[in-house]
Amino acid sequence: MPVPHYTVDEAEIDVPMKIMGVRRAEITKEDLRNILVKIEQKLPVLLYRNIKNSYYEKQENIVFKKNGTIEAEQVGVAFDFGTDKKEKAGIIRLSQVPELKACYKASTASVCTLMNTYMKTYVEENNIGEMKLLDFTDAFIATLKSVCKQEFGTYPDEQTPFINKDSLKKMCETIGSAMFFEFREIFEQKEGILVLPETGKMESSSPEQLMRVKIKIKEQDVSFVVDRDESSGETKRFLTLG
Numbered sequence: 002m003p004v005p006h007y008t009v010d011e012a013e014i015d016v017p018m019k020i021m022g023v024r025r026a027e028i029t030k031e032d033l034r035n036i037l038v039k040i041e042q043k044l045p046v047l048l049y050r051n052i053k054n055s056y057y058e059k060q061e062n063i064v065f066k067k068n069g070t071i072e073a074e075q076v077g078v079a080f081d082f083g084t085d086k087k088e089k090a091g092i093i094r095l096s097q098v099p100e101l102k103a104c105y106k107a108s109t110a111s112v113c114t115l116m117n118t119y120m121k122t123y124v125e126e127n128n129i130g131e132m133k134l135l136d137f138t139d140a141f142i143a144t145l146k147s148v149c150k151q152e153f154g155t156y157p158d159e160q161t162p163f164i165n166k167d168s169l170k171k172m173c174e175t176i177g178s179a180m181f182f183e184f185r186e187i188f189e190q191k192e193g194i195l196v197l198p199e200t201g202k203m204e205s206s207s208p209e210q211l212m213r214v215k216i217k218i219k220e221q222d223v224s225f226v227v228d229r230d231e232s233s234g235e236t237k238r239f240l241t242l243g
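Mapping of the sequence shown onto the numbering used here: residues 2 to 243, in sequence order.
Quick look at the structure:
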């Protein structure tokens with residue numbers, strides 16, 4: 002029996018959908034490569050910026066200990082003279098000590114090189130797809146702290162950019178917080194609801210499993226189909242898009 006065909010100018014169809022479950026976006030090999038690329042591209046700038054910030058925090062701490070206070074105008078001044086003509090401590094700009102600045106840049110490059118290597122190994126040896134974003138970020142921070150501790154442990158106390166171990170830890174956590182948002186783009190990809198069009202009788206599905214979707218069609222060909230169950234004799238009539 003020929004199937005009647007029609008053309009619908011415009012219509013809105015109410016389609017019942019059965020919810021089968023939640024589809025979780027999987028982390029692919031390409032995603033893993035993107036994680037490593039983000040570390041390679043973002044870490045050098047973040048690290049050097051925070052090393053400089055730590056250096057100036059240490060300078061402010063030195064000035065405060067010597068003078069008992071720190072004035073805004075002291076920032077960037079090697080020394081100042083009060084009214085009593087006694088030399089007062091002042092913050093020394095990093096640009097005033099080019100050799101130390103060069104050391105910090107070299108250490109930044111060294112730390113980043115090791116981080117690229119260590120995180121590549123970490124990604125290859127662990128099931129990142131099963132990890133939570135916070136767990137991966139914590140692993141990144143712990144690795145960064147270990148590498149920085151090793152790198153700056155060779156510096157004399159007066160040249161290290163950190164006031165103490167807590168200062169180094171704070172810097173690594175600050176960098177980790179920034180990288181968290183970079184990693185989140187990959188770890189928190191949109192999840193979707195896995196649905197199945199339910200064209201038969203709905204008695205077999207509970208209300209919690211059903212959702213209805215309105216679909217607008219325009220200038221769409223449809224076919225009128227009659228489906229007969231040979232065993233039960235039951236007949237179903239419906240339109241199909243095509």
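The beta carbon of each residue, even a glycine, is placed where N, CA and C say it ideally should be.
Residue i in three-state terms, based on DSSP
i           : result
residue 167 : helix
residue 27  : coil
residue 230 : coil
residue 13  : strand
residue 236 : strand
residue 75  : Note that residue 75 scores 45 on pLDDT, short of 50, meaning its location in the model is unreliable; the coordinates nonetheless yield the value given after this. Helix, per DSSP.
residue 81  : With a pLDDT of 47 at residue 81, under the threshold of 50, the modelled position of this residue cannot be trusted; read the value that follows with caution. In this structure, residue 81 counts as strand in the three-state DSSP scheme.
Presumed contact (8 Å Cβ cut-off) between residue i and residue j, rounded CB distance
i           : j           : result
residue 187 : residue 32  : 5 Å
residue 92  : residue 60  : 4 Å
residue 144 : residue 119 : 5 Å
residue 157 : residue 56  : Actually they are not in contact, since the Cβ atoms of residue 157 and residue 56 sit about 14 Å apart, beyond 8 Å.
residue 62  : residue 164 : 5 Å
residue 185 : residue 135 : At roughly 10 Å, the Cβ-Cβ gap does not stay under 8 Å, so residue 185 and residue 135 are not in contact.
residue 111 : residue 152 : 6 Å
residue 116 : residue 44  : 6 Å
Pairwise C-alpha distance: residue j and residue i
i           : j           : result
residue 95  : residue 166 : 21 Å
residue 228 : residue 13  : 23 Å
residue 130 : residue 230 : 45 Å
residue 168 : residue 54  : 10 Å
residue 81  : residue 147 : Unreliable placement is indicated for residue 81, whose pLDDT of 47 sits below 50; no coordinate value is reported for it.
residue 101 : residue 30  : 40 Å
residue 109 : residue 27  : 33 Å
residue 122 : residue 174 : 21 Å
residue 113 : residue 39  : 12 Å
residue 180 : residue 106 : 20 Å
residue 79  : residue 98  : Legend: pLDDT at residue 79 = 43, less than 50; position of this residue unreliable, value from coordinates given subsequently. When rounded, the distance between both Cα atoms is 11 Å.
residue 155 : residue 127 : 31 Å
residue 189 : residue 47  : 22 Å
residue 66  : residue 49  : 26 Å
residue 37  : residue 232 : 59 Å
residue 68  : residue 58  : 15 Å
Among the options, the one whose alpha carbon lies nearest that of residue i
i           : options               : result
residue 34  : 125, 114 and 150      : 125
residue 11  : 58, 104, 183 and 217  : 217
residue 182 : 141, 128 and 149      : 141
residue 171 : 160, 149, 159 and 155 : 149
residue 104 : 65, 160 and 47        : 160
Secondary structure, alpha helix (DSSP H): runs of 4+ residues fully inside the region 116-144: none
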